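Taken in order, these protein sequences are the chains called P and W. Be aware that the first sequence starts at -6, since it is given in my numbering, and climbs by one per residue. Be aware that the second sequence starts at 20, since it is given in my numbering, and climbs by one per residue. Here a beta-carbon is modelled for each residue, glycine too, at the ideal position from N, C-alpha and C. Here the structure is a predicted model, which means the values were calculated and not measured. These notes concern the structure reproduced below.
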Amino acid sequence: EAGVTQFPSHSVIEKGQTVTLRCDPISGHDNLYWYRRVMGKEIKFLLHFVKESKQDESGMPNNRFLAERTGGTYSTLKVQPAELEDSGVYFCASSHQNGPGTYEQYFGPGTRLTVT
Amino acid sequence: QKEVEQNSGPLSVPEGAIASLNCTYSDRGSQSFFWYRQYSGKSPELIMFIYSNGDKEDGRFTAQLNKASQYVSLLIRDSQPSDSATYLCADTNSGYALNFGKGTSLLVTP
């Protein structure tokens, strides 16, 4: 079974530019999550999709961040315009919706975003 | 602010010893607790989760939860050099959004 994949692995952009991160969850996982780790800080929750619906976006820092999950499969996280403080590692995770495995979130390798 | 606190370490233990990792949490509404292992530059990997008071064992790993004291721990028996990593404690009150601590760095020396 393929794991959670993320693309790109690393992105370097200038302040003010736009970046789109992609996450492909494990096949069959209805729950998809985005997290972020800023250097020196803990991993922070950004938002949670159940299929294509945003279940909880309480962790999204501001309206420069837009997440989508059209069709309930892969998800994108767009940052527009990027600011210096957006630098960090963005992790995607997925889990089953119900039954065994609901609590088990499997993380992708992350996208390291550097805003200069 | 709901926090999960961990000692950053590094915690150094000799090979074959028991490593004890500790975590406290501030949200009394937290329902479930998780231990993730993260090797440098890699993704967090779930080791165990626990939601009932007491102990839960899985191989060399034992998670312990004390809700009255708001305390979670992870014991690693017969520690191996390959166990050297950062261990992340997390809780959730929704069952979904995880609230992580900063992690404890564990070093197992041969």
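Exposed or buried, which one is residue i when buried takes at least 16 other CB atoms within 10 Å?
i	result
Ile37 (chain W)	exposed
Gln73 (chain P)	exposed
Gln99 (chain W)	exposed
Ala109 (chain W)	buried
Val127 (chain W)	buried
Arg62 (chain P)	buried
Leu40 (chain W)	buried
Ser18 (chain P)	Looking at the sequence provided, one finds Pro at residue 18 (chain P) rather than Ser. It counts as buried.
Gln25 (chain W)	buried
Ser71 (chain W)	exposed
His3 (chain P)	exposed
Thr105 (chain W)	buried
Arg56 (chain W)	buried
Check the Cβ of residue i against every Cβ in chain W and list those closer than 7 Å, keeping chain order.
i	result
Thr90 (chain P)	Strictly speaking, residue 90 (chain P) in this sequence is Gln, with Thr absent from that position. In chain order: nothing, as chain W lies at least about 10 Å away.
Pro74 (chain P)	The contacting residues do not exist; Pro74 (chain P) stays about 26 Å from chain W at best.
His41 (chain P)	Tyr115 and Ala116
Between which two residues does the beta strand (DSSP E) containing residue i stretch?
i	result
Arg105 (chain P)	Thr104 to Val108
Ser92 (chain W)	Tyr90 to Ile95
Gln83 (chain W)	Phe80 to Asn85
Asn112 (chain W)	Asn112 (chain W) -> no beta strand (DSSP E), and no H or E assigned at all.
Tyr96 (chain P)	Counting along the chain, Tyr96 (chain P) falls outside any beta strand (DSSP E), and DSSP gives it neither H nor E.
Thr11 (chain P)	Per DSSP, Thr11 (chain P) belongs to no beta strand (DSSP E) and is neither H nor E.
Tyr110 (chain P)	Limits of chain P in this structure are -6 at one end and 109 at the other, which puts residue 110 (chain P) out of reach.
Glu76 (chain W)	Gly73 to Asp77
Ser101 (chain W)	Per DSSP, Ser101 (chain W) belongs to no beta strand (DSSP E) and is neither H nor E.
Lys71 (chain P)	Ser68 to Val72
Val(-3) (chain P)	Element bounds for Val(-3) (chain P): n/a, residue is neither H nor E.
Ser2 (chain P)	Neither: Ser2 (chain P) is in no beta strand (DSSP E) and is coded neither H nor E.
Leu125 (chain W)	Thr123 to Thr128
Residue i versus chain P: which residues are under 8 Å apart at the beta carbon?
i	result
Gly120 (chain W)	Glu35
Ser51 (chain W)	Tyr96
Leaving out five residues before and five after residue i in sequence, what residues of the same chain have Cβ atoms less than 6 Å from its Cβ?
i	result
Asp74 (chain W)	Thr81 and Gln83
Glu22 (chain W)	Ser45
Gly9 (chain P)	Pro74
Gln89 (chain W)	Thr43 and Tyr44
Ile86 (chain W)	The sequence shown places Lys at residue 86 (chain W), rather than the Ile named in the question. Cβ within range, chain order: Asn72.
Find the residues of chain W that neighbour residue i, judging by a C-beta separation of less than 8 Å, and give them in chain order.
i	result
Gly103 (chain P)	Ser62
Glu113 (chain P)	The question about residue 113 (chain P) has no answer here: the residues shown for chain P are numbered -6 through 109.
Gly110 (chain P)	The question about residue 110 (chain P) has no answer, for chain P in this structure spans -6 to 109.
Asn24 (chain P)	Tyr115
Phe0 (chain P)	Here the premise fails: no neighbours, minimum Cβ distance about 14 Å.
Near residue i, which residues of its chain fall below 8 Å by C-beta distance, leaving aside the five closest residues on each side in sequence?
i	result
Gly(-4) (chain P)	Ile19, Tyr99 and Gly101
Ile6 (chain P)	Val12, Ala75, Leu106, Thr107, Val108 and Thr109
Residue i touches chain W at which residues, Cβ-Cβ below 9 Å?
i	result
Asp49 (chain P)	Ser113, Tyr115 and Ala116
Phe58 (chain P)	Residues of chain W passing the Cβ test: none, with the nearest at roughly 16 Å.
CB-CB under 7 Å to residue i, same chain, minus the five flanking residues each way: which ones, in chain order?
i	result
Gly35 (chain W)	Asp97 and Ser98
Ser49 (chain W)	Asp110, Thr111 and Asn112
Counting only runs that start and end within the segment 26 to 68 of chain W, where is the beta strand (DSSP E) found for 3 or more residues in a row?
Counting whole runs of 3 or more residues, the segment 26 to 68 of chain W contains the beta strand (DSSP E) stretches 30 to 33, 38 to 44 and 51 to 57.
Could you tell me which uninterrupted beta strand (DSSP E) segments, each at least 3 residues in length, are contained entirely in the segment 18 to 66 of chain P, listed from first to last along the chain?
Entirely contained in the segment 18 to 66 of chain P, the beta strand (DSSP E) runs reaching 3 residues are, in chain order, 24 to 30, 36 to 43, 46 to 49 and 58 to 61.
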